[in-house]
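The structure under discussion appears below in the form of structure tokens.
Number of protein chains: 6
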Amino acid sequence: MKETRYDRGLRKISEIDGKAGEQVVESLSDIAPDFARYLIEFPFGDIYSRPGLDLKSREIATISALTALGNAQPQLKVHIRAALNVGCSEGEILEVIMQMAVYAGFPAALNGLFAAKEVFAEDTP
Amino acid sequence: MKETRYDRGLRKISEIDGKAGEQVVESLSDIAPDFARYLIEFPFGDIYSRPGLDLKSREIATISALTALGNAQPQLKVHIRAALNVGCSEGEILEVIMQMAVYAGFPAALNGLFAAKEVFAEDTP
Amino acid sequence: MKETRYDRGLRKISEIDGKAGEQVVESLSDIAPDFARYLIEFPFGDIYSRPGLDLKSREIATISALTALGNAQPQLKVHIRAALNVGCSEGEILEVIMQMAVYAGFPAALNGLFAAKEVFAEDTP
Amino acid sequence: MKETRYDRGLRKISEIDGKAGEQVVESLSDIAPDFARYLIEFPFGDIYSRPGLDLKSREIATISALTALGNAQPQLKVHIRAALNVGCSEGEILEVIMQMAVYAGFPAALNGLFAAKEVFAEDTP
Amino acid sequence: MKETRYDRGLRKISEIDGKAGEQVVESLSDIAPDFARYLIEFPFGDIYSRPGLDLKSREIATISALTALGNAQPQLKVHIRAALNVGCSEGEILEVIMQMAVYAGFPAALNGLFAAKEVFAEDTP
Amino acid sequence: MKETRYDRGLRKISEIDGKAGEQVVESLSDIAPDFARYLIEFPFGDIYSRPGLDLKSREIATISALTALGNAQPQLKVHIRAALNVGCSEGEILEVIMQMAVYAGFPAALNGLFAAKEVFAEDTP
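Chains as they are written, first to last, in my numbering: chain A, 21 to 145; chain B, 21 to 145; chain C, 21 to 145; chain D, 21 to 145; chain E, 21 to 145; chain F, 21 to 145.
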């Protein structure tokens, strides 16, 4: 029996984000449950599940975009955690964010670094 | 004798971009030669020359950011060529751009794909 | 006697936003009272007062733009309330915000949905 | 037998865009056929096919977002045509674009108006 | 007799932009003549006519914003010409654009410099 | 003996920002000390130290860009303080921010005005 896009997405988001996927689905359950479903199905069931690019590279791509756009701090933090989960080192994540100074300016990079600092601090036992 | 930031940047940009670096320096030579120097020194002499992240990952980060921001098509094309130069496959580049549909919308991803299509076509003998 | 742009704008903003218009004028009164006047005159006295597009459609347009731009959460909330005031249902507002996932990415849509969730919660008696 | 998301999307995009959908699928066929499929499935099969908001309002939302973001002129033109197809008048489209001066500035609105001017001119027999 | 906002705006735009104001009004005359009027009235009749900031500083502000946003090249060129008209030197304009590398990234600054290069070339007899 | 870029940048940032420069360097010291160094060297050692544009004009340029981009409120506040330090009046700063309504929309200008209001309030003894 073929796995549905939703099931594949759920498996992928839990591989990448741990509990963050469940939390966002939960937070949308009363207001926009269909959107929660789309979020599992398209980004995670379709895109992140594709072969052809490893998950480390996918998280580098996402952190770059969210740092450069600069208007999605909660999602940036989720993906900094995700990058750690899929094997990026803290140092690699910081390199990606610093590089964004070149493409989106120093304030965007600074705000990305402060987001990383918060995430890394949470993870220190 | 220590290599200057400019010399290190020039070496790095030529490793990454082939002739594109020279061309942009040339295009700025009459109007803003100091900016051409900064462009060699900071992005390439400082950032791309850092250890801690391989060049393939750096180009993935740049293509993501430029696709997501959507207002720098000439530079996106330069970095699609650069990504090919440093070892990304066409398929990997397309994966990165497609993923941007999730973070910056379908039009940003579409315009990135069309940029890639143009670059890949140039390279076909 | 012809109504001034300011008076027409004040009437329109109070039709659309209830008390929100007064509050923003008040919040600017010490620092930039001229800007408060422009805000009444141009957006509300000139644009929202134009025939040719109903207020429901105007609020749909505004919610779309503010969700997509993603850097004006306080104004987005004001216009989610305004949309309810001029006859949009909660469901219609959520449809508009969800659709922005296609044009500005999932994080922009998510942040818009959370803004709507807060506004709808305030309104529940 | 249940209609697939792809079939539903294809039916919807052809209702909205006429031939534009086919053209974009065609233009992606050599480089990213999977992305062409996603473009039919998610925006058109999932989002535009939802009940709860009429197509006129959906096109108003899209024109607003693309005018405000300002980095997707080809897609803006496609959706100006689409808005005409689903029953928006030229006047209503212009009202939406003009309103964007308030939320994204006068240059964004001006560039949107010039896009509309081009589209309207094509349609004049 | 008090000068209208329109007349004041027209006087100001012609002081700043020479013929560019007339041209944009003309280009909108068939499609959105009201918007042409707003463009004269609000930006030029209200804002640029205010005391409290000299025109050189106002053009520096505008060139910065348009370079940083990066999605309004035609308007950026108009304001590079305007800056020259109100007394900015070519060198000062280039300084402003180069500085944007810090706040919006190198591609935004590069594209601004190329816009300036085109404008300066036109003006050379 | 020639002053290094770092020393020149440190001197310049302290002339412009007072203690803000030190604070940002301090806040990066554990996570990205190299980025703190780049921040002193490139923006302040290279760009702000250039002749050819006075510091008042440079701060006007920066406030414009950060207000227009709208995703860097902490940095906007730093530069509103900086503008006061280098000789801009509160009135001039407000003029610059209000003008951004024309180029980036009313919400961007409003959020800039509220940032200025907070900074001016801190400075009142």
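Glycine is no exception: its CB is placed at the ideal position from the N, C-alpha and C atoms.
- Annotation for T87 of chain B: the continuous alpha helix (DSSP H) segment containing it runs L75 to L89.
- Judged by pairs of C-beta atoms under 8 Å, the segment 72-90 of chain D does not touch the segment 70-80 of chain A, as fewer than three such pairs exist.
- In this chain, the alpha helix (DSSP H) harbouring A56 of chain A covers P53 to L59.
- Using a Cβ-Cβ cut-off of 7 Å, D66 of chain F is close to Y58 of chain B, given in chain order.
- Listed along chain A is no residue with a C-beta nearer than 7 Å to that of F134 of chain E; the closest approach is about 17 Å.
- Taking a beta-carbon distance threshold of 9 Å, V116 of chain F does not count as an interface residue toward chain D.
- In the structure shown, the three-state DSSP call for S34 of chain C is helix.
- Counting only Cβ-Cβ distances below 7 Å, A85 of chain B has no contacts in chain C at all, with the closest Cβ about 13 Å away.
- Counting every other CB atom within 10 Å of its CB across the protein chains shown gives K32 of chain E a total of 16 or more, marking it as buried.
- Counting along the chain, S47 of chain A sits inside the alpha helix (DSSP H) bounded by residues A40 to L48.
- The beta carbon of V98 of chain E is closer than 7 Å to those of D37 and A40 in its chain, skipping five residues each way along the sequence.
- In the DSSP annotation of this structure, the continuous segment of the alpha helix (DSSP H) that includes E110 of chain E starts and ends at E110 to A124.
- Residues of chain C whose Cβ lies closer than 7 Å to the Cβ of G90 of chain B do not exist, since the nearest Cβ in that chain is about 11 Å away.
- Any Cβ of chain F closer than 9 Å to the Cβ of G125 of chain A would place that residue at the interface, and such an atom is present.
- Closest in alpha carbon position to P71 of chain E, among F:R28, F:P127, F:F126 and F:M118, is F:M118.
- Within the same chain, Cβ atoms closer than 8 Å to the Cβ of M120 of chain E are found at S84, T87, A88, A128, A129 and G132, the five residues on either side in sequence being excluded.
- Taking a Cβ-Cβ threshold of 9 Å, the residues of chain B close to R70 of chain A are E115, M118 and Q119, in chain order.
- Residue environment for D66 of chain D: buried (at least 16 other C-beta atoms within 10 angstroms of its C-beta).
- For K137 of chain A, a Cβ of chain F is located within less than 9 Å of the residue's own Cβ.
- Judged by DSSP in its simplified three-state form, V106 of chain F adopts coil rather than helix or strand.
- Residue burial annotation: G107 of chain A is exposed, with fewer than 16 other C-beta atoms found within 10 angstroms of its C-beta.
- Ranked by how close their Cα comes to the Cα of F134 of chain C, the residues A:S34, A:E35, A:I51 and A:A136 have A:I51 in first place.
- Closest in C-alpha terms to Q95 of chain E, from the list E:G29, E:E23, E:V44 and E:S69, comes E:V44.
- Separation of the CB atoms of I60 of chain C and L30 of chain C is rounded to 6 Å, and the pair is thereby assigned contact status at 8 Å.
- In this model, F126 of chain E and F62 of chain F are separated by some 12 Å (Cα to Cα).
- G111 of chain E counts as exposed, since fewer than 16 other C-beta atoms from the protein chains shown sit within 10 angstroms of its C-beta.
- Within chain B, the C-beta atoms nearer than 7 Å to that of N131 of chain E come from A92, in chain order.
- Here DSSP, grouped into helix, strand and coil, assigns Y68 of chain F to coil.
- Look at A128 of chain C: its C-beta is under 9 Å from a C-beta on chain B.
- Put simply, the backbone Cα of A92 of chain A is about 12 Å away from that of A92 of chain F.
- Residues of chain A whose Cβ lies closer than 9 Å to the Cβ of F62 of chain D are, in chain order, Y58, E61, F62 and D66.
- Contact between A56 of chain B and A124 of chain C fails: their C-beta atoms lie close to 34 Å from each other, not under 8 Å.
- Residues of the segment 27-58 of chain A with a Cβ closer than 9 Å to any Cβ of chain E: none.
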